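Worksheet: one structure, shown below.
2 protein chains.
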Amino acid sequence: MGGDYGPAVLLPGLEQLLERRPDIHFLLFGRQEEVIPVLDRLPRLKEKAEFFHCEIAVRMDAKPSQALRQGRWKSSMWRAVEAVKNGEADVCVSAGNTGALMAMSKFCLRTMANIERPAIAAIWPTVRAESIVLDVGATIGADAQQLTDFAILGAGMARALFSIEKPTVGLLNVGVEEIKGQEEVKEAGRMLREAALPTMSYHGFVEGDDIGAGTTDVVVSEGFAGNIALKTAEGTAKQISGYLRSAMRRTLRARIGYLFARDAFRRLREKMDVRKVNGGVFLGLNGIVVKSHGGTDAEGFASAVELGYDMVRNNLLEKISNDLARFHRRIGPDKNKTDA
Amino acid sequence: MGGDYGPAVLLPGLEQLLERRPDIHFLLFGRQEEVIPVLDRLPRLKEKAEFFHCEIAVRMDAKPSQALRQGRWKSSMWRAVEAVKNGEADVCVSAGNTGALMAMSKFCLRTMANIERPAIAAIWPTVRAESIVLDVGATIGADAQQLTDFAILGAGMARALFSIEKPTVGLLNVGVEEIKGQEEVKEAGRMLREAALPTMSYHGFVEGDDIGAGTTDVVVSEGFAGNIALKTAEGTAKQISGYLRSAMRRTLRARIGYLFARDAFRRLREKMDVRKVNGGVFLGLNGIVVKSHGGTDAEGFASAVELGYDMVRNNLLEKISNDLARFHRRIGPDKNKTDA
Chain A
121 MGGDYGPAVL LPGLEQLLER RPDIHFLLFG RQEEVIPVLD RLPRLKEKAE FFHCEIAVRM
181 DAKPSQALRQ GRWKSSMWRA VEAVKNGEAD VCVSAGNTGA LMAMSKFCLR TMANIERPAI
241 AAIWPTVRAE SIVLDVGATI GADAQQLTDF AILGAGMARA LFSIEKPTVG LLNVGVEEIK
301 GQEEVKEAGR MLREAALPTM SYHGFVEGDD IGAGTTDVVV SEGFAGNIAL KTAEGTAKQI
361 SGYLRSAMRR TLRARIGYLF ARDAFRRLRE KMDVRKVNGG VFLGLNGIVV KSHGGTDAEG
421 FASAVELGYD MVRNNLLEKI SNDLARFHRR IGPDKNKTDA
Chain B
121 MGGDYGPAVL LPGLEQLLER RPDIHFLLFG RQEEVIPVLD RLPRLKEKAE FFHCEIAVRM
181 DAKPSQALRQ GRWKSSMWRA VEAVKNGEAD VCVSAGNTGA LMAMSKFCLR TMANIERPAI
241 AAIWPTVRAE SIVLDVGATI GADAQQLTDF AILGAGMARA LFSIEKPTVG LLNVGVEEIK
301 GQEEVKEAGR MLREAALPTM SYHGFVEGDD IGAGTTDVVV SEGFAGNIAL KTAEGTAKQI
361 SGYLRSAMRR TLRARIGYLF ARDAFRRLRE KMDVRKVNGG VFLGLNGIVV KSHGGTDAEG
421 FASAVELGYD MVRNNLLEKI SNDLARFHRR IGPDKNKTDA
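Here the protein sequences come in this chain order: A and B. According to our numbering, the first sequence is numbered sequentially starting from 121. According to our numbering, the second sequence is numbered sequentially starting from 121.
Written out as structure tokens, the structure is:
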């Protein structure tokens with residue numbers, strides 16, 4: 121029900137995805153007045169989907185506490201998350217209200233053993249390929265233990281998605297000499313180095329410009345700086361696209377040049393297409409939840425669902441929980457804090 | 121003496137700048153073996169400059185404490201900062217070691233009355249024009265009082281540089297609903313709203329993508345997130361330039377298109393040219409210090425010096441200290457902490 125356009129755009133995305141991933145079975149939760157008319161026009165999807173009517177849909181502008189109060193047990197968002205909890209679904213994907221989705225996911229799925237707080241992971245296109253950046257907005261001011269947990273979550277995701285045996289992991293820090301970096305970041309670096317996990321290669325600190333350069337497969341940050349990095353990169357990409365567009369329209373010569381180089385521009389647009397990397401993944405919960413961008417179109421929503429599909433196929437949760445258990449055995453029970 | 125190329129590149133930048141700003145008088149501090157041969161080839165600059173030989177030059181990789189220990193009183197960097205302190209120079213510009221320059225500037229110039237910690241301000245090209253972003257790396261984890269001080273410093277710089285009577289000021293925050301933002305940021309917002317200063321218009325919170333959109337003239341952040349935002353934007357711009365370059369080289373059609381649209385691409389490159397906005401400004405000290413990018417060329421160094429020139433001409437320090445005094449009168453002596 122979520123996103124800027126609701127079922128009218130999201131369901132056609134699922135129909136598209138079925139071409140690439142014909143073995144998906146969908147459980148759809150929403151208001152029948154809005155879903156059924158769209159579904160009736162998409163016979164292939166209809167055949168592969170079960171629909172569950174829910175009277176309540178969480179509003180995009182609802183506060184998380186409000187959404188929980190009004191939507192627990194019965195809203196379409198809750199029931200989609202609950203389907204993961206009950207083992208009816210392998211992954212939940214929503215284009216709805218991020219805060220509400222995180223609140224419901226935490227409440228319903230709970231954090232994994234050995235994890236105190238969840239993280240949101242983003243897939244970041246880089247010069248080399250793609251990297252995973254987390255946390256981009258779930259946890260402000262993470263401590264050293266939480267940062268190392270994020271490193272393990274992110275490395276597990278990289279192993280599941282990119283088929284890398286031993287992904288490289290960097291801790292986001294500032295490189296300017298006069299500030300020594302946050303204490304938590306330094307401590308997390310020491311912990312990761314000492315743990316010497318077989319499932320990741322700890323690279324050390326990275327800076328903001330290392331993200332786009334693809335210096336490491338995984339970049340770990342607490343949620344405040346991570347969110348600001350993500351939004352700043354999106355803003356910069358938008359700004360440069362704008363410059364490029366206006367430069368290409370300005371003169372006749374530029375327009376002719378544009379016509380010749382049209383394929384090159386198309387390629388560039390594809391490279392910069394955020395829809396292809398749509399989907400923030402909630403990590404650290406007992407279940408996989410993917411948050412699609414609210415403003416996405418059908419293709420973007422299909423990417424978000426596909427992302428969830430790929431993680432399930434590659435046993436993300438199993439990888440992560442093994443890695444966590446191994447790490448917490450290594451650092452020993454005295455340093456070990458677990459979720460209550 | 122600093123920067124990747126030293127006097128051989130920096131001095132020609134000064135010679136260039138004299139064409140635009142013929143009333144500058146330079147005090148040059150450095151090692152005579154390196155400076156004099158270059159200066160001898162630049163007669164116009166030589167006429168407008170006094171040279172002071174300094175045996176010691178702070179190394180680019182020296183730690184701030186090391187630089188202070190070895191270079192205090194006598195290094196070229198120290199003596200350039202000291203010239204500002206003694207009133208012999210209006211502004212100090214260096215392309216050297218950032219950490220050492222900040223340490224020496226703090227030690228020599230001291231923070232202004234009512235300011236606890238300095239900030240580094242960057243000029244950020246936006247869709248609309250340019251904005252000032254601070255702190256980009258001097259102060260990690262600023263408290264509410266320090267953030268409001270940064271707001272005043274940044275607004276003063278905007279008034280001096282952009283000739284705006286009442287610049288808009290935003291506090292950098294995360295917009296995701298489930299996290300309510302850092303407490304310090306919220307408290308700083310309350311303080312700025314209550315103070316209702318006549319010299320700035322407090323806009324509220326802004327997110328990472330608002331920086332490039334030019335939503336406010338000034339964006340305030342503590343140094344960790346601010347530094348990461350700056351580096352991430354630089355990285356993203358570099359990444360997209362790389363995509364564009366390789367797209368335009370890929371096919372014959374694209375190359376022909378490039379030839380036609382060459383002027384448009386030149387315009388785009390100019391828009392994205394970081395040299396034009398070169399210079400991090402140290403704010404909150406009893407004197408103006410500008411840090412040029414170490415890897416700058418002559419033109420970029422000229423921009424950094426010109427930035428310092430413009431701020432002096434527009435009475436930056438006077439504006440800032442009046443604003444600070446007014447603000448601290450408004451919030452009252454009980455809330456007022458001053459630098460020891």
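Backbone N, C-alpha and C define an ideal beta-carbon position, used for all residues, glycine too. The structure displayed is predicted, hence computed values, not measured ones.
- When 7 Å is used as the limit between beta carbons, residue 216 of chain A is near no residue of chain B, the shortest such separation being about 11 Å.
- Rounded to whole angstroms, the Cβ separation of residue 197 of chain B and residue 185 of chain B is 14 Å, and the two are not in contact under 8 Å.
- Nearest to residue 435 of chain B by alpha-carbon distance, out of B/283, B/252 and B/229, is B/283.
- For residue 306 of chain A, the nearest beta carbon of chain B is not closer than 9 Å to its own beta carbon.
- Neighbours of residue 292 of chain A in chain B, taken as residues whose beta carbon is under 8 Å from its own, are 348 in chain order.
- In this structure, DSSP gives residue 226 of chain A a helical state, which the three-state scheme calls helix.
- Excluding residues up to 5 positions away in sequence, 137 and 213 lie with their Cβ nearer than 6 Å to the Cβ of residue 425 of chain A in the same chain.
- The CB of residue 327 of chain A comes closer than 7 Å to the CB of 351 in chain B, given here in chain order.
- Residue 193 of chain B counts as exposed, since fewer than 16 other C-beta atoms from the protein chains shown sit within 10 angstroms of its C-beta.
- Assigned with DSSP and collapsed to three states, residue 322 of chain A falls in strand.
- Chain A places no beta carbon closer than 9 Å to that of residue 412 of chain B, leaving this residue out of the contacts.
- Under the DSSP assignment, residue 285 of chain B falls outside any beta strand (DSSP E); it carries neither an H nor an E label.
- For residue 150 of chain A, the enclosing beta strand (DSSP E) covers residues 146-150.
- Only buried fits residue 323 of chain A, as 16 or more other CB atoms lie within 10 angstroms of its CB.
- The Cβ of residue 282 of chain B sits no closer than 9 Å to any Cβ of chain A.
- Among the bridge pairs identified by DSSP, residue 214 of chain A is matched with A/411.
- Residue contact check for residue 354 of chain B against chain A: a CB pair falls below 9 Å.
- For residue 173 of chain B and residue 438 of chain B, the gap between their C-alpha atoms comes out near 32 Å.
- At a Cβ-Cβ threshold of 9 Å, residue 273 of chain A and residue 188 of chain A do not count as neighbours.
- Straight-line spacing of the CA atoms in residue 295 of chain A and residue 164 of chain A works out to 53 Å.
- The secondary-structure analysis by DSSP pairs residue 239 of chain A across a beta bridge with A/403.
- Leaving aside the five residues that flank residue 205 of chain A on each side, the residues in its chain whose CB is nearer than 8 Å to its CB run, in chain order, 228, 229, 406 and 407.
- Within the region 252-271 of chain B, contact with chain A at the beta-carbon level (separation under 9 Å) is assigned to 256, 257, 258, 259, 260 and 261.
- Excluding residues up to 5 positions away in sequence, 147 lie with their Cβ nearer than 6 Å to the Cβ of residue 170 of chain A in the same chain.
- With fewer than 16 other beta carbons inside 10 angstroms of its own, residue 160 of chain A counts as exposed.
- In summary, the residues of the region 334-348 of chain B whose CB is separated from some CB of chain A by less than 8 Å are 341, 343, 344, 345, 347 and 348, in the order they occur in the chain.
- The three-state secondary structure of residue 290 of chain A, taken from DSSP, is strand.
- By the rule that beta-carbons nearer than 9 Å mark a contact, residue 177 of chain B does not touch chain A.
- For residue 408 of chain B, no Cβ of chain A is located within less than 9 Å of the residue's own Cβ.
- In the DSSP secondary-structure assignment, residue 253 of chain B is bridged to B/242 and B/339.
- Residue 308 of chain B sits away from residue 345 of chain B, with the two beta carbons spaced by 9 Å or more.
- The residues 397, in chain order, have a CB closer than 6 Å to that of residue 245 of chain B in the same chain once the five nearest residues on each side in sequence are set aside.
- Every candidate beta strand (DSSP E) stretch fails here, since none sits fully inside the region 372-396 of chain A while reaching 3 residues.
- The three-state secondary structure of residue 128 of chain A, taken from DSSP, is helix.
- With its beta carbon less than 9 Å from one in chain A, residue 373 of chain B belongs to the interface.
- DSSP, reduced to helix, strand and coil, places residue 209 of chain A outside both helices and strands of the structure shown, so it counts as coil.
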